[in-house]
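Be aware that the sequence shown starts at 961, since it is given in our numbering, and climbs by one per residue. Beta carbons are placed, not taken as given, at the ideal position from N, Cα and C, and that holds for glycine.
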Amino acid sequence: MELENLKEVKENFQIMKPSLKDPNIVIFNITDELSNEEFIDSLRAQNEDLTNATLKIRTSYKSKFGKNWIISMDHVAFNALKKRKNINLNWQMLSFKENFRIIQCFKCANYGHTAMTCRDEEFKTGGGICLRCADKGHRERECHADPKCSNCTSHNLKFGSTFKTDHSARSNDCKIREKEIDFIISRTNYGP
């Protein structure tokens, strides 16, 4: 019976390497009100590296000094831009950096899913944990406790590792966050 199931599985499924995603950048503090089309056209017109690039707007969001835009592009354009410090847009020189599009749940603090799709039984109903101190019952913005990373704490307990835990679950000092970034990098097309 098991052998028959194995044959059926072998016939019906394929193992494939996941396709790589294009790299993303975030461009900071754009003060001009631009449509998506105007934004892309301006980038192409004022940045020689982007003239023939495949550009796609991922999202934009308000910041303290304007709007930040996240765009994806082909690896050729990305590698050319990496050599520069600024990007030109409407006669301004704006800063940018690579954006990894990290997905983190604000209920359980784990990576790879959002609060809407959280499967952790402990947090399915009601609030989650504080991303700063890992306690329940309050939100990060209300927290005055010392930081304690729930992800590094869990990893230390589960695997006997000795990651520092004196940071929030969203900190760039988090070793689990670093691993998530490494995973995203491994799935990104930076070219040959």
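Practice item. Quick one: grab the DSSP three-state call for ARG1099. Key: For the purposes of this step, residue 1099 is identified with residue 139 of the sequence shown, where counting begins at 1. If DSSP states are grouped into helix, strand and coil, ARG1099 belongs with coil.
Check your understanding: Do three or more CB pairs link the segment 1022-1037 to the segment 1071-1080 at distances below 8 Å?
Key -> no
Exercise for review: Starting from LYS1139, trace the alpha helix (DSSP H) both ways and give me its first and last residue.
Suggested key: Working through the sequence shown from its first residue, we reach residue 1139 at position 179. 1135-1146 is the span of the alpha helix (DSSP H), which, as asked, contains LYS1139.
Exercise for review: Specify the secondary structure class of PHE988 as computed by DSSP and reduced to three states.
Suggested key: Indexing the sequence shown from 1 puts residue 988 at position 28. Three-state DSSP puts PHE988 in a strand.
Point to revise | Cβ pair ASN984, ILE1031 closer than 8 Å | key: As a working mapping, residue 984 is identified with position 24 in the sequence shown. As a working mapping, residue 1031 is identified with position 71 in the sequence shown. Contact: yes.
Check your understanding: Among GLN1052, SER1128 and LYS970, which has the Cα closest to the Cα of ASN1111?
Key -> Start at 1 with the first residue of the sequence shown, and residue 1111 comes out as number 151. Checking every option, the nearest Cα to that of ASN1111 belongs to SER1128.
**Study point:** Buried or exposed (CB count within 10 angstroms, at least 16 for buried), TRP1029
**Key:** Taking the first residue of the sequence shown as position 1, residue 1029 is located at position 69. Classification for TRP1029: buried.
Practice item. Would you mind reading off the limits of the alpha helix (DSSP H) that contains GLU998? Key: To locate residue 998, count along the sequence shown from 1; it is residue 38. Segment 996-1006, the alpha helix (DSSP H) holding GLU998.
Review point. Apart from the five residues just before and just after HIS1073, which ones in its own chain have a Cβ nearer than 8 Å to its Cβ?
Key: The sequence position of residue 1073 within the sequence shown is 113, counting from 1. Contacts found: ILE1063, CYS1065 and ARG1079.
Point to revise | Span of the beta strand (DSSP E) around THR1019 | key: Working through the sequence shown from its first residue, we reach residue 1019 at position 59. From DSSP, the beta strand (DSSP E) with THR1019 extends over 1015-1023.
Review point. Could you give the distance in angstroms between the alpha-carbon of GLU968 and the alpha-carbon of PRO978?
Key: The sequence position of residue 968 within the sequence shown is 8, counting from 1. The sequence position of residue 978 within the sequence shown is 18, counting from 1. Between GLU968 and PRO978, the C-alpha separation is close to 23 Å.
**Study point:** Nearest to MET1143 (by Cα), restricted to the options LYS981, LYS1118 and ILE975
**Key:** Counting from one through the sequence shown, the residue named residue 1143 turns up at place 183. The sequence as given places Phe at residue 1143; Met does not occur at that position. Closest option to PHE1143, Cα to Cα, is LYS981.
Exercise for review: Measuring alpha carbon to alpha carbon, tell me which of ARG1137, LEU1091, ASN972 and GLU1102 ends up nearest PHE1060.
Suggested key: By 1-based counting over the sequence shown, the position of residue 1060 is 100. When each option's Cα is compared against that of PHE1060, the closest is ARG1137.
Check your understanding: Going by C-alpha distance, which of ASN1050, TRP1051 and PHE1056 is nearest LYS1042?
Key -> By one-based count along the sequence shown, residue 1042 stands at place 82. Looking at the Cα atoms, PHE1056 is the closest of the given residues.
Practice item. For LYS934, I'd like the list of residues in its chain whose CB is within less than 6 Å of its CB, leaving aside the five on either flank, ordered along the chain. Key: Beyond the ends of the chain as shown, which are 961 and 1152, falls residue 934; an answer cannot be given.
Review point. With 16 as the cutoff for other CB atoms within 10 Å, does ARG1099 come out buried or exposed?
Key: Position 139 of the sequence shown, counted from the start, is the residue given in the question as residue 1099. Counting Cβ neighbours within 10 Å, ARG1099 comes out exposed, since fewer than 16 surround it.
Practice item. Work out the CA separation of ALA1037 and TYR1150 for me, nearest whole Å. Key: Reading the sequence shown from its first residue, position 190 is the one you call residue 1150. Reading the sequence shown from its first residue, position 77 is the one you call residue 1037. TYR1150 and ALA1037: Cα-Cα distance of roughly 10 Å.
**Study point:** Rounded distance between the beta-carbons of SER1002 and ASN1050, thought under 8 Å
**Key:** What you label residue 1050 is simply residue 90 of the sequence shown in a count that begins at 1. What you label residue 1002 is simply residue 42 of the sequence shown in a count that begins at 1. Yes, they are in contact, since the Cβ atoms of ASN1050 and SER1002 sit about 6 Å apart, within 8 Å.
Review point. Any idea which residues DSSP pairs LEU1049 with across the strands?
Key: For the purposes of this step, residue 1049 is taken as the residue at position 89 of the sequence shown. Answer is GLN1052.
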